[in-house]
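Here the sequence shown is numbered in the working numbering, starting from -11 and rising by one per residue.
Quick reminder that beta carbons are idealized off the backbone N, C-alpha and C, glycines included.
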Amino acid sequence: MSFEILSNNLFHKQNALPNSVAEKILLIFKKNREWTLINQKKRKHYSHIFKNNSKFLPDTKEEYLAYFYRADNLSSNNYIKNSINKYVIKKIEKHFKFKVSFLDIRCHKFTNENFARTHFDNYAGNYAVTINLNKNWKWDWGGLLCIPYGKEFNKTHTLAPFWNTMNILTTKNGKESPHFITAVSDFAKSPRYSITLFVK
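1. CA-CA distance, F150 and R21?
2. Could you have a look at S182 and say whether DSSP puts it in helix, strand or coil?
3. Going by the DSSP bridge assignment, what does S89 pair with across the sheet?
4. What does P136 pair with, by DSSP beta-bridge criteria?
5. Please work out which residues of its chain come closer than 6 Å, Cβ to Cβ, to D92, disregarding the five sequence neighbours upstream and downstream, and give them in chain order.
6. In this structure, what does DSSP give as the bridge partners for N120?
7. Do the CB positions of T118 and L133 come within less than 8 Å of each other?
8. Need the endpoints of the beta strand (DSSP E) that H107 sits in, please.
9. Find the nearest neighbour of H107 within the set F(-1), G138, I169 and Y181, judged by alpha-carbon distance.
10. DSSP state of H0, grouped into three classes?
Below you can see the structure in the form of C-alpha cells.
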C-alpha cells in the first residue's frame, strides 16, 4: 500500500479498501437508522485544549462548534471492524513501522449544513485516519477536510471526501495538526459518509 505524502504529517491513499468491500460498507451505512446527532458547543476549548498562537486559527474568544451524526452501532459492526483490521490496520503498521495497540472506530454522516470547526485530535491518537465512502462527490458540495500547515498555519491542504480515499494525519512527536470540515451544502446530492480511526 503506497501513500502519497502531502506533508511530513499528512498522507493520502486512493483505493483504501477493495472496491467490493467499500461498496458493502457503504450499503451498511445507507441502511443504518441509528444515527445520533452530535451537536457540540464548547465555549472555552480555544482557550485551553485547542489553544494556538496562529492569527489564522480561531482565537481564545471563539467557540468550538461541531454538528454531525455518528453511529455507534456501526463502530461495532463485525464486517466493518474485520475489514478495517484486514485492509487498513495491517498495512498502516507495515508502512509506518509500528504495532497498533489502540484502535477507536467512529462512523460518521454529515448532511445539510453539518460541519466541524478547527480542532486537534492529539488527545485521541497518534494517527487520525479518515476513510471516505462517497460516490460522485463534487468539490462544491462542501464537506471538505482542510488541514492548515506552515509556520503560522497560513496555508491549507484541502481534501474532498472522494470515493474510497483515505487520509492519515499524524500527531506523533507532539506535532500540532489542526483541521476542520467545511459545511455540507444544501444542494449536495447525498450525505457525506466516512469512517474515522484513532490509532495508537
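Once the coordinates are examined:
1. By 1-based counting over the sequence shown, the position of residue 150 is 162. By 1-based counting over the sequence shown, the position of residue 21 is 33. The alpha-carbon atoms of F150 and R21 are separated by roughly 23 Å.
2. As a working mapping, residue 182 is identified with position 194 in the sequence shown. Note: S182 maps to strand in three-state DSSP.
3. Within the sequence shown, numbered from 1, the residue matching residue 89 stands at position 101. None; S89 has no bridge partner.
4. Along the sequence shown, read from residue 1 onward, the residue named residue 136 stands at position 148. P136 pairs with T144.
5. By one-based count along the sequence shown, residue 92 stands at place 104. Cβ neighbours of D92 beyond the five flanking positions: F186.
6. What you label residue 120 is simply residue 132 of the sequence shown in a count that begins at 1. In DSSP, N120 forms a bridge with S182.
7. On the sequence shown, residue 118 is found 130 positions in, with the first residue counted as 1. On the sequence shown, residue 133 is found 145 positions in, with the first residue counted as 1. Yes.
8. As a first step, residue 107 is located in the sequence shown; it is residue number 119 there, counting from the start. F103 to H107 is the span of the beta strand (DSSP E), which, as asked, contains H107.
9. Within the sequence shown, the letter at position 119 stands for residue 107. The option with the nearest alpha carbon to H107 is I169.
10. Your numbering for residue 0 matches position 12 in the sequence shown. Reduced to three states, the DSSP call for H0 is strand.
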